[in-house]
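Chains as they are written, first to last, in our numbering: chain A, 1 to 162; chain Y, 1001 to 1149.
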């Protein structure tokens, strides 16, 4: 019988919750020997919508896209450093498009068997249910999904890794 | 960052007192100042005006979304102003604007800024919802409407 988990992908969006998820994914990879991928999606779909709604000018859209690419680099580098501190390597992937769709496509392309995401925002309106990208990814992912909670416990677990 | 995380009655004003575009922008920024969300009114106002000078953020259908990035804030700020009588805001449809969403972001927080703008764009697509906001009698009612949407 093969390993239950061969490839773990953690979705990173710059929130504290996603950093906690990355720490947990690092712990899981350390215990299981699974490969580790960190994914950041630049939400160009939202920016296209803002351009269509005429909230953005075209040069504004380009400026924000550039900013978000820089954010992606920064957060993926940070997660890479978290893994390196524990002697692991993490493959950094940046994609552009609609967030939940890109997560699903990455799962297929990378043959991921476990998606790790941060704690979901509390649903406070009907709108949230429709538009929370992580929730949509969780519902439609073709692989198992792990939602990481309890930041303090995860931090202790991560810190205890040698 | 959900829009409702930024929304408290202190950042909502209905009705606005302003009667023209420059005064609307100043009054919206003043809402943030009065709510203790910004310190430097002039810097924020200048950034909002500079964006507005490129092209009006009056989207039409009575909605405007003035916005800017400025180092004068450390996190995303939202103010909502309502002018039931309508104000000329150089909107794309040349109709008066009744509903104003001001968003001010720190330069290094483009992600939350884009998400909040996208959320406003979605809200603004519902004509009935926008009409309900314009009819609201108090800031608290506006907050309740948006949180209950």
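In this text, a Cβ means the ideal position worked out from N, Cα and C, and glycines have one as well.
Since we're looking at a predicted model, the values are computed, not measured.
Using a Cβ-Cβ cut-off of 8 Å, residue 21 of chain A does not count as an interface residue toward chain Y, since no Cβ of chain Y sits closer than that to its own. Between the alpha carbons of residue 1040 of chain Y and residue 1116 of chain Y lies a distance of about 22 Å.
Our two residues, residue 144 of chain A and residue 107 of chain A, have alpha carbons roughly 10 Å apart in a direct line.
Taking each of Y/1003, Y/1081, Y/1073, Y/1006 in turn and checking the Cα distance to residue 1015 of chain Y, the smallest one comes out for Y/1081. With 16 or more other CB atoms across the displayed protein chains lying within 10 angstroms of its CB, residue 116 of chain A is buried.
Within the same chain, Cβ atoms closer than 7 Å to the Cβ of residue 25 of chain A are found at 8, 10, 36, 116, the five residues on either side in sequence being excluded. In the DSSP secondary-structure assignment, residue 1101 of chain Y is bridged to Y/1080. With fewer than 16 neighbouring CB atoms inside 10 Å of its own CB, residue 1075 of chain Y falls in the exposed class. DSSP places residue 1143 of chain Y outside any beta strand (DSSP E); the residue lies instead in the alpha helix (DSSP H), whose first and last residues are 1139-1148.
Along the region 54-82 of chain A, going in chain order, the ones with a CB nearer than 7 Å to a CB of chain Y are 54, 55, 57, 64, 67, 68, 71. The beta carbons of residue 1099 of chain Y and residue 1003 of chain Y sit no closer together than 8 Å.
The beta-carbon of residue 1054 of chain Y is placed less than 8 Å from the nearest beta-carbon of chain A. For residue 91 of chain A, the three-state secondary structure derived from DSSP is strand. Here DSSP, grouped into helix, strand and coil, assigns residue 115 of chain A to strand. Taking C-alpha positions only, residue 1124 of chain Y is separated from residue 54 of chain A by approximately 12 Å. For residue 49 of chain A, the closest alpha carbon among the candidates Y/1062, Y/1105, Y/1118 is that of Y/1118. Looking at the DSSP output, residue 144 of chain A bridges to A/114. For residue 1068 of chain Y and residue 1042 of chain Y, the gap between their C-alpha atoms comes out near 13 Å. Interface with chain A (8 Å Cβ-Cβ cutoff): residue 1098 of chain Y is excluded. The criterion of a C-beta distance shorter than 8 Å is not satisfied by residue 1110 of chain Y and residue 40 of chain A. A direct Cα-to-Cα measurement between residue 1056 of chain Y and residue 31 of chain A gives close to 55 Å. By the rule that beta-carbons nearer than 8 Å mark a contact, residue 47 of chain A touches chain Y. For residue 8 of chain A, the uninterrupted beta strand (DSSP E) segment begins and ends at 7-11.
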